[in-house]
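Presented below is the structure to which this report refers.
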Amino acid sequence: MNVVTKLPVASVWGQADVTSDKGAGDENFPVGTVLIGRRYRAPIHAYYNFARVIDDMVDNTRLTPDAKIVRLRAMGEVIRGEREAPMRADAQTAVTLRQVLLQTGVPLETATDLIKAFCQDAVKSRYDSWEELLDYCRYSANPVGHFLLKLHGEDDDTLPPSDALCSALQVLNHLQDASKDLRTLDRCYLPRPWLAEEGVTIDDLRLARSKPGLRRVFDRLLDRTDELNAEARRLPNLIRNRRMRIYAAVIVELSHRLAARLRREDPVAGRVRLRADDGIRALAWSARFVI
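The sequence shown: position 125 = 655 (the numbering used here), numbered continuously.
This is the structure we're talking about:
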């Protein structure tokens, strides 16, 4: 028997369903759009819904860190077939995704690695180096690219530039939400030694606008992100599936454009967002990959 229930259901899942009320419109980048082939859209939405739920679990301010980890690990056990899930919407996203992964042959780790990152978020709220941040991205972001590429049957040579792209997107999101994450979750991904070198502190993210030293920390992170984005430029040329190739090209260009906006605008003064013309230009750039 491969189903193991380590704790009573009520002890693991609690009483509150944490199914997200967020949708694809809350994201920087299109999820399961018409750029993706029809046969792949349902699996992608299953993955997205699961990721949304576990993200909401770790960001839930009503749960203790221990309670978050218990729930997250239970979701991983469902993915691996080690635990039954109750008939509630949040837990059932893991059931649905497990079925998708088994049917498509996509590795279970594309889901369980996300759980590792979110368990880390439950207990770790400060970072001390770029390397620490990249290691977090390895679990929080890179599995998304692996899922999409493996779902489309792409080769392993697509994974390094995909990892670069996904890590870049994650860092850009951290920059967008740096003030909000500190204010609402007491979480900050900016390397503390970099802040100290510039004579600023994490609390300077609470101000109305960026101090010059904080701006230099943002730019330093963007310098590293530009290196990742340069590596990501290789990705579309490596993808065989035409729709996925175009989709990847759009995301690569949007990542570049968001990084450029974060150079010009102040994420402390307000959330820096992509605009409609960014999407239009990204689609135009992707046209070279149609054939």
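C-beta atoms are modelled at their ideal positions from N, C-alpha and C, and glycine is treated no differently.
**Asked** In whole angstroms, what is the alpha-carbon distance linking PRO595 and CYS667?
**Response** 20 Å
**Prompt:** What is the DSSP secondary structure of TYR719, counted as helix, strand or coil?
**Reply:** Coil.
**Asked** When DSSP builds the beta bridges, which residues end up paired with TYR657?
**Response** PRO721
**Message:** Rounding to the nearest angstrom, what Cα-Cα distance links LEU663 and LEU705 in this structure?
**Reply:** 12 Å
**Request:** May I have a chain-ordered list of the alpha helix (DSSP H) segments no shorter than 4 residues that lie completely inside the stretch 788-812?
**Result:** none
**Prompt:** Does the distance from the CB of ARG746 to the CB of GLU728 come in under 9 Å?
**Reply:** yes
**Item:** Candidates ARG736, ARG717, TRP724, of which the one nearest GLY743 by Cα
**Value:** TRP724
**Prompt:** Between the C-alpha atoms of LYS710 and ARG801, what's the straight-line distance to the nearest angstrom?
**Reply:** 9 Å
**Item:** C-alpha gap between ASN579 and ARG571, whole angstroms
**Value:** 12 Å
**Beta-carbon gap between CYS696 and VAL730 smaller than 9 Å** = no
**Message:** So ILE584 and PHE648 are supposed to be a Cβ contact under 8 Å. How far apart are they, rounded?
**Reply:** About 5 Å; that satisfies the 8 Å criterion.
**Prompt:** Can you name, in chain order, every residue of its own chain whose Cβ lies under 7 Å from the Cβ of SER785, other than the five neighbours on each side?
**Reply:** LEU695, ALA698, LEU699, LEU702, ASN759, ALA762
**Message:** Can you tell me whether VAL630 is buried or exposed? The criterion is at least 16 other CB atoms within 10 Å of its CB, across all chains shown.
**Reply:** buried
**Prompt:** Given a threshold of 16 other Cβ atoms within 10 Å of its Cβ, counted over all protein chains shown, does ALA615 qualify as buried or as exposed?
**Reply:** buried
**Asked** Which residue comes first and which comes last in the alpha helix (DSSP H) that contains ASN759?
**Response** 742-762
**Asked** When the distance is taken between beta carbons, is THR640 closer than 9 Å to TYR719?
**Response** The answer is no: Cβ separation not under 9 Å.
**Request:** Measure the beta-carbon distance from ALA621 to ILE609 and round it to whole angstroms, keeping in mind my assumption that it falls under 8 Å.
**Result:** Actually they do not touch by this definition, with Cβ atoms about 11 Å apart.
**Asked** Which residues in the same chain have their Cβ closer than 7 Å to the Cβ of ALA779, if we skip the five residues on either side of it in sequence?
**Response** PRO766, TRP815, SER816, PHE819
**Prompt:** With DSSP run on the structure shown, which of helix, strand or coil describes ALA817?
**Reply:** Here ALA817 sits in helix by DSSP.
**Prompt:** Distance, Cα to Cα, LEU804 vs GLU783?
**Reply:** Approximately 11 Å between the Cα atoms of the pair.
**Three-state class that DSSP yields for ILE574 in the structure shown** = DSSP places ILE574 in helix when its eight states are reduced to three.
**Request:** Give me the Cβ distance between ALA652 and LYS598, rounded to the nearest whole Å; I'm assuming they're in contact under 8 Å.
**Result:** Indeed they touch by this definition, with Cβ atoms about 4 Å apart.
**Asked** Given that a residue counts as buried once 16 or more other Cβ atoms are within 10 Å of its Cβ, and exposed if not, what is VAL883?
**Response** Outside the modelled stretch of the chain, which goes from 531 to 821, sits residue 883, for which no answer is possible.
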